[in-house]
Amino acid sequence: MADKGVTLYFMRHGETVFNRYNKIQGWADTPLTKEGRLDAIRSGLGMRDIPFHAVYTSDLRRTIETAQLVLRDHPLRDQLSLQMMPEFREVCFGSLEGQNATEVWTNLYKTLQRTFDQNDGRNVIEEMNQIKAMDPDHIGENFMEFWTRVEQGLIKVIDKHRDTNQHILIVSHGMTIRNILHELIPDFKLSDMIDNSSLNIVEYSNGQYHLKALNQTSHFALRKEAVEREFSLLPMTLFEK
């Protein structure tokens, strides 16, 4: 008899205001843009046939709103309640939150005597430690502080659902998901980007983790225009474009 396993669906939140304007966003929490909300709905429509058994988010509003939009048309929505876990927050950038992302990363790479490349990610430990050093108040997280927190949450979820054959949705953040995938999948490259509302599927079976989908958006249902026509969104007065 084959061993039971579990399938983990890691989804990044929809586009936010800070994402749109290229601002550093960790614990700072800005609302989803209209595009972010539409993409979350489209992603959810493409997952209606997945029989989710549990849904986890971080405790930041952008992941909670994304999960709510994903589940709004899911046939099991009345049986699923969001379980918010602060362990799945994004890294804290301290006083760097809200600053221009390109400028922050360029200054970081200059300090490390490397050329800025947003797709680099070769040494995330060095980079995150430098982020804390660059924060004048030093309230940002270094890598050990960040990963200790995230790992605790990951262990809780895996221990609860391991060997159940269940499907678990975890709505989290870009750097958080990338580091989780790097921990579970030995050949995952930290330089691989995770787009807003994308799906990253990890299957656990026979004692091993297998990456089944990376940065997937092909499941998105309908074009944005069709979603707008078919579904009524909560009124928004900002960021309509």
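Under the working numbering, the first residue of the sequence shown carries the number 894, and numbering increases by one thereafter. Glycine included, every Cβ here is placed at the ideal spot set by N, Cα and C.
Original post:
So is R1055 buried or exposed if we call it buried at 16+ other beta carbons inside 10 Å?
Top reply: exposed
Original post:
If you draw a straight line from the alpha carbon of H1060 to that of S974, how long is it in whole angstroms?
Top reply: 14 Å
Original post:
Candidates D952, D922 and L962: which alpha carbon is nearest E980's?
Top reply: D952
**OP:** Measure the alpha-carbon distance for Q972 versus Q992 and round it to whole angstroms.
**Re:** 40 Å
Original post:
Since Y1097 is in the beta strand (DSSP E), which residue starts that stretch and which ends it?
Top reply: Segment L1092 to S1098, the beta strand (DSSP E) holding Y1097.
Subject >> Distance, V1095 Cα to V1017 Cα >> reply: 21 Å
Original post:
Can you tell which of T1057, K927, R1042 and A1026 has the C-alpha that lies nearest to the C-alpha of S988?
Top reply: A1026
**OP:** Using beta-carbon positions only, say whether I1078 and V997 come within less than 8 Å of one another.
**Re:** The answer is no: Cβ separation not under 8 Å.
**OP:** Ignore the nearest five residues each way along the sequence and tell me which others in Q961's own chain have a CB closer than 8 Å to its CB.
**Re:** L975
Original post:
G1033 and F986 look like a contact to me (Cβ under 8 Å); what is the Cβ gap, rounded to whole Å?
Top reply: 5 Å
Original post:
In three-state DSSP terms, what is R1139?
Top reply: One cannot answer for residue 1139 here, as it falls past the ends of the chain, which runs 894 to 1134.
**OP:** Could you check the C-alpha separation between L925 and I957 for me, to the nearest Å?
**Re:** 10 Å
Subject >> Exposure of S1111, with buried meaning 16 or more beta-carbon neighbours within 10 Å >> reply: Exposed is the call here.
Original post:
Leaving out the 5 sequence neighbours to the left and right, which residues in its chain are closer than 8 Å to M894 when beta-carbon positions are compared?
Top reply: The pLDDT assigned to M894 is 45, lower than 50, so where the model puts this residue is not dependable, and the model offers no usable value.
Subject >> Best match in T1041, R955, H906 and K1003 for proximity to Q1023 [C-alpha to C-alpha] >> reply: K1003
Original post:
From L1005 to H967, what does the alpha carbon distance come to, in whole angstroms?
Top reply: 46 Å
Original post:
Quick one, which of R970, F945 and R965 has its alpha-carbon nearest I934's?
Top reply: R965
Subject >> Contact belief for D932 with N1089 at Cβ below 8 Å, rounded distance in angstroms >> reply: 6 Å
Original post:
Would you say the beta carbon of I934 comes nearer than 7 Å to a heavy atom of the ligand ADP?
Top reply: Ligands are entirely absent from the displayed structure, and the ligand ADP is therefore not among its contents.
Subject >> C-beta contact flag for E983 and G907 at 8 Å >> reply: no
Original post:
Hey, would you say N1109 sits closer than 8 Å to S1091, going by beta carbons?
Top reply: It is Gln, not Asn, that sits at residue 1109 in the sequence shown. Against a cut-off of 8 Å, the Cβ pair of S1091 and Q1109 comes out as a contact.
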